[in-house]
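Number of protein chains: 2
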Amino acid sequence: MTDGRIILNMDNYKPLREIVFEAMREAIVSGRLAPGERLVEIKLADEMGVSRTPVREAIRKLELEGFVIMMQRKGAYVAGLSPKEIRDVFEIRSTLESLAARLAAERITQVQLEQLKRQLADLEEKIRSHEIEAVVKADIAFHDVLFSASGNARLVSMLSNLREQIHRYRSMSLSYPGRMSVALGEHRAIVKAITEHKPQEAAEAALEHMDSAEASLIEVMKKVHMSINDEREE
Amino acid sequence: MTDGRIILNMDNYKPLREIVFEAMREAIVSGRLAPGERLVEIKLADEMGVSRTPVREAIRKLELEGFVIMMQRKGAYVAGLSPKEIRDVFEIRSTLESLAARLAAERITQVQLEQLKRQLADLEEKIRSHEIEAVVKADIAFHDVLFSASGNARLVSMLSNLREQIHRYRSMSLSYPGRMSVALGEHRAIVKAITEHKPQEAAEAALEHMDSAEASLIEVMKKVHMSINDEREE
DNA sequence: AAATGGTATTATGTATACACAAAACAATTT
DNA sequence: AAATTGTTTTGTGTATACATAATACCATTT
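Protein chains in written order, with our numbering: chain A, 29 to 262; chain B, 29 to 262.
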């Protein structure tokens, strides 16, 4: 064993609260925990085979990220987004996605640009395969590269969070007829502007992308006549 | 007691974790807890006369809001913002403040507009008095009205949070010679654009306001030759 | 049967207890 | 003295215990 250093990764240790948090978020985003549903700490703890403490901490974190609503001394409920809230989130996302694209156009490195193009190609391929889940994943990967290219770490985490918020309604939006190919075109426009280092155009392309994503989501929601909202305004 | 419904406010009950959270944030923002300082749960709990639980929950919340950095199994530390991180925050704030101003110009109600003008007058008065703390407060009140006028609740909370993040360095920036009167002018420009319902101008005025706030902060920091940063990059 | 009052149950908020990792320190060896 | 190992201390991570608010249930009264 000449050079063989043994490196066993203690870094991938995750506190239980993290694991619980991720599991619960996944359950909410995927819809297994429905909006309005009550979250009882002991019940969840028993189900997951842990104590209340990590569950509590996970719930608190979910609250701060907008997935859960807590009422004083009453308990926690899965948050549902009202149409008004969805519009609010999109208003913010549009602005920030647009900012990210602008910054990326200014700051992207050669390596990142190649990554971005690879992601775009991958997205294209997944769209051809018509597997919605794969498309969603590829889309996320694409935007992640785009975000990091902005060089603003805080922006990356805010955008990731906002995306998670509406992820619940995401596949719905993509199932809107023709949405996927339109989205692909929008992605291409963004990449083009970034490649040519044109911040203004990149920002505009990102804005259009968001607007059209919002529009198709709203459209689908109308059709399904969803009352995502439960006893809340608008 | 004909119509007199008795409404006794149970709403002002606050869980301990909230109280602890607010106390700790105040301590960090005001500098009593300095960047890099270690936060030991039992120590804080004893000092405040509570148990570890609410302290832990408060620390978690502070972490999510960026005031505290946690290291696995090592503990929590007061976060310091590096110059790079300050720039990152300003990049985001500029964009969102600008969005808020734009939306306010579109949506502000008559009542809100009057409020806004009152806050502006108040700010003017406080600036004449030269009490920095009062000016900071008035400035916050002004922007709060502006934010709500955007009609986007999520935007309000995101902006409040971002403001808190740099509040630590705020009075420093205002102490920069001439900064206060310049800021007053910028505020007037924003109010003017909103009054005339000119979204584009409001957005631009807000952007300028942020840019100049950032510039004067950076300037002051250079002079004080601060190493706000502790063992972090840039 | 409806309304009121009281009791039991459930779940949150907070405190404490226990386990183990990390760091600090001391002791032993070279 | 330097290095290595063992030991102690400290503090986080998790589990559990206890107190009290909120709710549900039941009984009693009218």
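Ideal Cβ positions, reconstructed from N, Cα and C, are used throughout, including at glycine.
- For B/Leu190 and A/Met200, the gap between their C-alpha atoms comes out near 32 Å.
- Here the C-alpha atom of B/Glu152 lies approximately 7 Å from the C-alpha atom of B/Leu212.
- Excluding residues up to 5 positions away in sequence, Tyr105, Val106 lie with their Cβ nearer than 8 Å to the Cβ of B/Glu65 in the same chain.
- Below 8 Å, too few C-beta pairs join the region 194 to 209 of chain B and the region 169 to 180 of chain B to call them touching: fewer than three.
- Counting only Cβ-Cβ distances below 7 Å, A/Asp172 has no contacts in chain B at all, with the closest Cβ about 17 Å away.
- Nearest CB-CB separation between A/Ile246 and chain B: not below the 7 Å threshold.
- Collapsing the DSSP output to three states places A/Val96 in a strand.
- Taking CB atoms only, A/Leu92 has a neighbour in chain B less than 7 Å away.
- For A/Leu109, the closest of A/Met99, A/Gly103, A/Lys102, A/Gly94 by C-alpha to C-alpha distance is A/Gly94.
- Taking 8 Å as the Cβ-Cβ cut-off, the region 179 to 208 of chain A approaches chain B at Asn180, Ala181, Arg182, Leu183, Met186, given in chain order.
- The Cβ atoms of A/Val83 and A/Leu90 do not sit closer than 7 Å to each other.
- Within the same chain, Cβ atoms closer than 7 Å to the Cβ of B/Asp167 are found at Leu151, the five residues on either side in sequence being excluded.
- Burial is judged here by how many other beta carbons sit within 10 angstroms of a residue's own beta carbon; A/Thr123 has at least 16 and is buried.
- Listed in chain order, the non-local C-beta contacts of A/Ala162 below 7 Å within the same chain comprise Lys154, local neighbours out to five positions each way being set aside.
- Just so you know, the alpha carbons of B/Lys220 and B/Ala230 end up roughly 8 Å apart.
- B/Leu183 places its beta carbon 7 Å or farther from that of A/Ile218.
- A check of alpha carbon separations from A/Ser178 across A/Leu144, A/Met208, A/Leu148, A/Leu245 identifies A/Leu144 as the nearest.
- Close to A/Leu127, with beta-carbon spacing below 8 Å, are these residues of chain B in chain order: Glu119, Ile120, Thr123.
- Rounded to whole angstroms, B/Phe175 and A/Ser244 show a C-alpha spacing of 28 Å.
- Chain order gives the chain B residues near A/Glu85 as Arg84, Glu85, Arg88, where near means a beta carbon separation below 8 Å.
- CA-to-CA, the gap between B/His237 and A/Val57 works out to about 38 Å.
- Taking the C-beta atoms as reference points, A/Ile222 is found nearer than 7 Å to A/Ala132.
- Less than 7 Å separates the beta-carbon of A/Glu85 from that of A/Arg45.
- Under the Cβ distance rule, B/Asp239 does not count among the residues neighbouring chain A, no pair being separated by less than 7 Å.
- Judged by beta-carbon spacing, B/Ser126 lies beyond the 7 Å limit of B/Ala241, meaning their Cβ atoms are not closer than that value.
- B/His215 is positioned such that its CB atom lies closer than 7 Å to that of B/Leu148.
- The Cβ atoms of B/Leu92 and A/Leu187 lie no closer than 7 Å to each other.
- Chain A has a Cβ within less than 7 Å of the Cβ of B/Asp116.
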